[in-house]
Amino acid sequence: MLLFSGSANPELTDKIAEMLPISAGKVTRTKFKNGEIYVRFEESVRGADVFVVQPCGEPVNDNFMELLIMIDALKRASAGMINCVVPHYPYGRQDKKSEGREPITAKLVADLLTTAGADRMIVVDLHTATIQGFFDVPVDHITAIPIIANYFKAKKIKNGVVVSPDVGGVKRASIFAAQVNMPLAILDKWRPGHNMAKVDHLVGDVEGREAIIFDDMIDTGGTIVEAIDFIYGFNVRKVYVGATHPIFSGNAIEILENSRAEEVVVTDTLPVKKNYNNKIKVLSIAGLLAKTIKKIYHCESVSTMFKGEYLV
């Protein structure tokens, strides 16, 4: 087994390597003045089972292109099996045509990865599970929901309620609600434009409760903050936020820190800048990914190991 990291989140790769336990291989990366990316692996990969860790957060296109180049280099170096560990899948929100003349970019991403030479994908909390069907290679779709659920269970919240921020996230939020043993409420919203959302109304009882808004990602933070303020209009006691992917575009961290949220809990699928206070809590998925990698390497069942709990 060989483990390599792209430049997107080497800290996560180091944690995974420590838990396997192996040393991450060395990769030389250079960016030319015109922006082109050069990659070279500093050890033989011939015939090896290789795992490449590269979440595709900001800058999305650079990180994704780097991953494609790494896959191509491994294929041309006769790697035995190229396993791509992509904790955050790029363009996941573009999974269908909502209007005429739109692309389905999530499918294009899948095509590019397989054409480059990826033999297997390991992904975490896809925006929609249908993306698995875009691939012609095996996809292990695992979830960080139990990791976040265990964190909130340790708080021993009494009279709590889980809130889905939109109708599309109901299944995800209901799985989380079942694991923290809380009822579910649903916000209804509409989007006047990209990275914009307006909350219309709430379905469910939140009055006098401690609410946990649960979603797969936080991007600009604006939608979450609007949801927090809307819920406080129903006399909730406290509002927490949980999400797998901390995209945190622009000044999202500042927006969240200044919000009325009691705490914002995310994972390290994407690197989070250190300039945040105690309101933002980052949980690691390194252990989850290390266990998954071990099972795949030994040709053992991933679903059996997690008893269905970490699989979507």
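Read in order, the letters of the sequence shown are residues 5 to 316 in the numbering used here.
Here a beta-carbon is modelled for each residue, glycine too, at the ideal position from N, C-alpha and C.
Since residue i contacts residue j with CB under 8 Å, what's their CB separation in whole angstroms?
i, j, result
"residue 210", "residue 231", "With 8 Å as the limit, residue 210 and residue 231 do not qualify as a contact, their Cβ atoms being about 11 Å apart."
"residue 320", "residue 248", "Because the chain here runs from 5 to 316, residue 320 falls outside it and cannot be looked at."
"residue 188", "residue 178", "5 Å"
"residue 306", "residue 285", "With 8 Å as the limit, residue 306 and residue 285 do not qualify as a contact, their Cβ atoms being about 27 Å apart."
"residue 274", "residue 297", "Not a contact, Cβ separation roughly 19 Å."
"residue 165", "residue 208", "7 Å"
"residue 292", "residue 151", "7 Å"
"residue 131", "residue 99", "7 Å"
Could you tell me which of the options sits nearest to residue i, measuring between CA atoms?
i, options, result
"residue 240", "264, 80, 223", "264"
"residue 24", "299, 307, 308, 306", "299"
"residue 156", "185, 174, 138, 237", "185"
"residue 28", "42, 45, 8", "8"
"residue 30", "66, 41, 74", "74"
"residue 62", "253, 38, 293, 105", "253"
"residue 17", "64, 272, 168", "272"
"residue 44", "33, 37, 38", "33"
Give a yes or no on whether the C-beta atoms belonging to residue i and residue j are separated by under 8 Å.
i, j, result
"residue 19", "residue 288", "yes"
"residue 54", "residue 78", "yes"
"residue 85", "residue 123", "yes"
"residue 259", "residue 226", "yes"
"residue 5", "residue 301", "yes"
"residue 182", "residue 222", "no"
"residue 121", "residue 110", "no"
"residue 145", "residue 127", "yes"
"residue 235", "residue 141", "no"
"residue 161", "residue 106", "no"
"residue 304", "residue 283", "no"
"residue 139", "residue 118", "yes"
So, is the C-beta of residue i closer than 8 Å to a C-beta in chain D?
i, result
"residue 104", "Chain labels in this structure do not include chain D; a single protein chain is all it has."
Below 8 Å, how does it come out for the segment 217-227 and the segment 237-253: are there three or more Cβ pairs, yes or no? yes
Are the segment 46-61 and the segment 12-24 touching, with three or more C-beta to C-beta distances below 8 Å? yes
Can you list, in chain order, the stretches of the alpha helix (DSSP H) that have 4 or more residues and sit fully within the segment 69-147? 109-120
Extract the residue ranges of the alpha helix (DSSP H) inside the segment 240-288, only unbroken runs of 4 or more that lie entirely within it. 256-261
Would you check if the segment 42-52 and the segment 90-98 touch, i.e. whether three or more CB-CB distances between them fall below 8 Å? no
Report yes or no: do three or more beta-carbon pairs, one from the segment 125-143 and one from the segment 96-114, lie closer than 8 Å? yes
What runs of the beta strand (DSSP E), each 3 residues or longer, lie entirely inside the segment 19-47? Listed in chain order, the complete beta strand (DSSP E) runs (minimum 3 residues) inside the segment 19-47 are 31-35, 41-45.
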